[in-house]
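Peer 1:
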Amino acid sequence: MIVTEARSWIGTPYQHQASLKGVGCDCIGLVRGVWRAVYGAEPCALPAYSPDWAEVGGDDRLIAGLSAHFGTVDEARPGDVLVFRMKPGAVAKHVAIMSAGEGVGDPAAKIIHAYWGRAVVESWLGPFWRKCVVGAFRYPPSHLPPPSATPALCASR
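First residue of the sequence shown: 1, per full-length UniProt numbering; consecutive thereafter.
(1) Rounded to the nearest angstrom, what separates I112 and Q15 at their Cα positions?
(2) In its own chain, which residues sit with a C-beta less than 6 Å from the C-beta of A92, not counting the 5 before and 5 after it?
(3) In three-state terms, what does DSSP make of T72?
(4) Closest by CA to E122, which one among L30, S19 and L20?
(5) Between A136, A114 and K131, which has its C-alpha nearest Q17's C-alpha?
(6) The alpha helix (DSSP H) with R138 in it runs from where to where?
(7) With H, G and I counted as helix, E and B as strand and the rest as coil, what does DSSP make of L20?
(8) Check for me: the alpha helix (DSSP H) holding A37 runs from which residue to which?
(9) Which first and last residues belong to the alpha helix (DSSP H) in which E122 is found?
(10) Can you give the Cα-Cα distance for G24 and A37, rounded to whole angstroms?
(11) Mind checking whether F70 and R138 have CB atoms under 8 Å apart?
(12) Name the one or two DSSP bridge partners that K110 has.
(13) Can you have a look at V81 and say buried or exposed, based on whether 16 or more other CB atoms are within 10 angstroms of its CB?
(14) Starting from V83, trace the beta strand (DSSP E) both ways and give me its first and last residue.
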């Protein structure tokens, strides 16, 4: 269900901080849009964020936010959200939904993500991407109600 929904976003143009299928989205907007398709309303509104993958210092707010609403996993599988740190010392600023393969190390692994300046694409999870993975998160089961947000969790973003 997650991968099917994510694939339906392929071709959506890249638009920073957007999350509207067929119109525009960024990487987190894709994850948010899939959440809405599966569960309905999002648990929190996101604050403004910069698109700079090389941003150094600061908190890994993306990882903290995903941890609050998704399950952390040791070995990713299709449908899981992968988090990327694009260079050492930088803040983790990119996410993708794993779409194929049996774990991050599988040579057949693929991801669906919003590619800056282009669109949502499905890409091979090759060595470049693999070395940047710093976390994996699982959407809650769709037959269960999604985790509810608390004001404290939402305010921490």
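Glycine residues also receive a C-beta, built at the ideal position from the N, C-alpha and C atoms.
Peer 2: A quick look at the data gives this:
(1) 16 Å
(2) D60, L62, I63, V83, R85 and V134
(3) The answer is strand: DSSP assigns T72 an E or B state.
(4) L30
(5) A114
(6) Where R138 is concerned, there is no enclosing alpha helix (DSSP H), although the beta strand (DSSP E) around it starts and stops at V133 to R138.
(7) strand
(8) C27 to Y39
(9) It is not in any alpha helix (DSSP H) - E122 instead sits in the beta strand (DSSP E) that spans V120 to W124.
(10) 16 Å
(11) Result yes, Cβ atoms of F70 and R138 sit closer than 8 Å.
(12) A100 and W124
(13) buried
(14) V81 to F84
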